[in-house]
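Chemist: Sharing a structure with you now.
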Amino acid sequence: MEINPLVQSTLFCYQKIMQDYLLRVMTDDGRLLGLAAVTTQLVNQIGNIHHTSPTATAALGRALTGAALMAALLKRGQSLAITIAGDGPVGKILVEADRDGAVRGMVTHPAADLPPQDGKLQVSGIVGKNGIVTVIKDLGRKENYTGVVSLVKGEIAEDLAYYLTKSEQIPSAMSLGVYVEPPCHVTAAGGFLVQSFPPSDDKVVATIEENIKSMEPITTLLRQGETPESILRQIFTPTPYHVLEKMNLRFACSCSRARLRRVVISLGREEIRRYLETEDSMEILCHYCLKKYLFSRRELEDILSEI
Ligand SMILES: [Zn+2]
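Residue numbers (our numbering): 40 to 346.
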């Protein structure tokens with residue numbers, strides 16, 4: 040039997056892709072926390088939903104991975120949303136992650152792209168170097184927690200590390216990477232995050248900084264078959280540490296008819312009334328999973344009577 044070379048190559052690529060998951064470890068003295076994640080499948084899936092260009096896929100994939108790492112610092116039932124609003128052609132990057140490993144995301148202009156430079160995708164080129172990063176945490180309290188910092192690089196990992204260090208006052212190092220390869224699109228995506236808590240041991244921190252500096256890029260490591268386990272081992276050796284948690288990561292949208300109904304309500308009485316003058320139903324699209332929700336005239340009239 041002959042296999043079409045394209046199919047064969049695609050099969051080969053997908054066979055190599057490991058299940059997305061995140062590992063969280065802590066040094067035995069409790070002063071350093073380390074998280075590493077592989078997100079290849081979910082970045083592929085979300086890129087396919089939004090038909091993102093190679094560079095937009097890398098930007099969105101880095102943001103999704105960063106959000107997954109940061110959400111793993113929350114408590115059960117909590118979630119966070121990150122908006123990266125730079126002055127580059129991709130527009131805004133919106134990502135959400137739940138503490139249980141569910142992530143979703145989108146960009147304003149998925150087709151935005153730039154030619155690679157020295158074989159590297161120009162992520163900061165399409166994100167922009169001027170703008171703001173907003174992190175909103177739903178901690179299950181009455182009011183959400185919001186933190187805002189300026190974009191520093193537009194490469195995303197440095198920007199999120201800057202947010203954690205500056206806004207949350209926890210010295211943090213983050214690395215994020217997405218490797219996009221034709222014809223199978225993303226063949227490696229992942230990242231790591233290291234946080235230091237007071238009182239910090241300067242010698243240990245210096246060793247870890249040296250380890251991180253001497254490491255290959257995260258996508259090279261993943262493509263060589265390294266795992267979150269072996270990446271964290273490279274970062275922390277010889278400091279003793281233990282595993283706190285291993286958690287699967289996945290794409291999952293949190294949209295529902297009830298949630299989209301609130302979007303209709305937010306349009307306001309006048310807008311809905313004006314709409315009903317010419318249309319018999321309203322279609323609302325979830326901007327994360329692109330699922331369509333149809334609201335009939337009857338439902339819209341019910342909403343009007345409620346407002
Ligand atoms: Zn959705």
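Glycine included, every Cβ here is placed at the ideal spot set by N, Cα and C.
Does the stretch 191–199 come close enough to the stretch 57–66 to have 3 or more Cβ pairs within less than 8 Å?
Modeler: Output reads no: the stretch 57–66 does not touch the stretch 191–199.
Chemist: On a CA-only basis, which of Leu153, Pro128 and Thr91 is nearest Asn169? Give me that one, please.
Modeler: Nearest option by C-alpha distance: Pro128.
Chemist: What's the C-alpha gap between Phe334 and Tyr314?
Modeler: Taking the straight line from one Cα to the other gives about 12 Å.
Chemist: Tell me the rounded alpha-carbon separation between Thr226 and Lys242.
Modeler: Rounded to the nearest angstrom, the two C-alpha atoms are 36 Å apart.
Chemist: If you measure between the beta carbons of Val162 and Ile195, is that distance less than 9 Å?
Modeler: Cβ atoms of Val162 and Ile195: closer than 9 Å.
Chemist: For ligand 1, list every residue whose C-beta falls under 6 Å from any of its heavy atoms, going in chain order.
Modeler: Result: Cys292, Cys294, Cys325, Tyr327, Cys328 and Lys330.
Chemist: Whose C-beta lies closer than 6 Å to the C-beta of Tyr327 among residues of the same chain, with five residues either side of it excluded?
Modeler: So the list reads Arg143, Met145 and Cys292, once near-sequence residues are dropped.
Chemist: Could you check whether Ile123 and Lys114 sit closer than 9 Å to each other, using their CB atoms as the reference points?
Modeler: Contact: no.
Chemist: Check for me: the alpha helix (DSSP H) holding Gly164 runs from which residue to which?
Modeler: Per DSSP, Gly164 belongs to the alpha helix (DSSP H) from Val162 to Val166.
Chemist: Among Gly125, Asp137 and Leu119, which one has its Cα closest to the Cα of Asn287?
Modeler: Ranking the options by Cα distance to Asn287, first place goes to Asp137.
Chemist: Expressed to the nearest angstrom, what Euclidean distance is found between the alpha-carbon atoms of Ser344 and Glu338?
Modeler: The straight-line gap from Cα to Cα measures roughly 10 Å.
Chemist: Straight-line CA distance for Glu25 to Ile209?
Modeler: There is no way to answer for residue 25, as the model of the chain reaches only from 40 to 346.
Chemist: Nearest to Ala212 by CA position, among Thr278, Gly105, Lys181 and Ala141, is which residue?
Modeler: It is Gly105.
Chemist: Less than 9 Å between the C-beta atoms of Leu74 and Leu260, yes or no?
Modeler: Taking 9 Å as the Cβ cut-off, Leu74 and Leu260 do not qualify as a contacting pair.
Chemist: For Gly69, tell me which candidate among Ile304, Ser239 and Ser320 has the shortest Cα-Cα distance.
Modeler: It is Ser239.
Chemist: Quick check: what's the CA-CA separation for Arg298 versus Asn183?
Modeler: The alpha-carbon atoms of Arg298 and Asn183 are separated by roughly 17 Å.
Chemist: Near Gln54, which residues of its chain fall below 8 Å by C-beta distance, leaving aside the five closest residues on each side in sequence?
Modeler: Any reading at Gln54 must be qualified, since the residue scores a pLDDT of 46, below 50, and its modelled position is unreliable; the value itself is stated next. Contacts found: none.
Chemist: Please state the DSSP three-state secondary structure of Val302.
Modeler: Three-state DSSP puts Val302 in a helix.
Chemist: Distance, Cα to Cα, Ile270 vs Lys205?
Modeler: Ile270 and Lys205: Cα-Cα distance of roughly 26 Å.
Chemist: Report yes or no: do three or more beta-carbon pairs, one from the stretch 89–100 and one from the stretch 147–154, lie closer than 8 Å?
Modeler: They touch, by the three-pair rule.
Chemist: Assuming Leu199 and Ile257 make a contact with CB atoms under 8 Å, what is their CB distance in whole Å?
Modeler: Wrong, their Cβ atoms sit about 14 Å apart, outside the cutoff.
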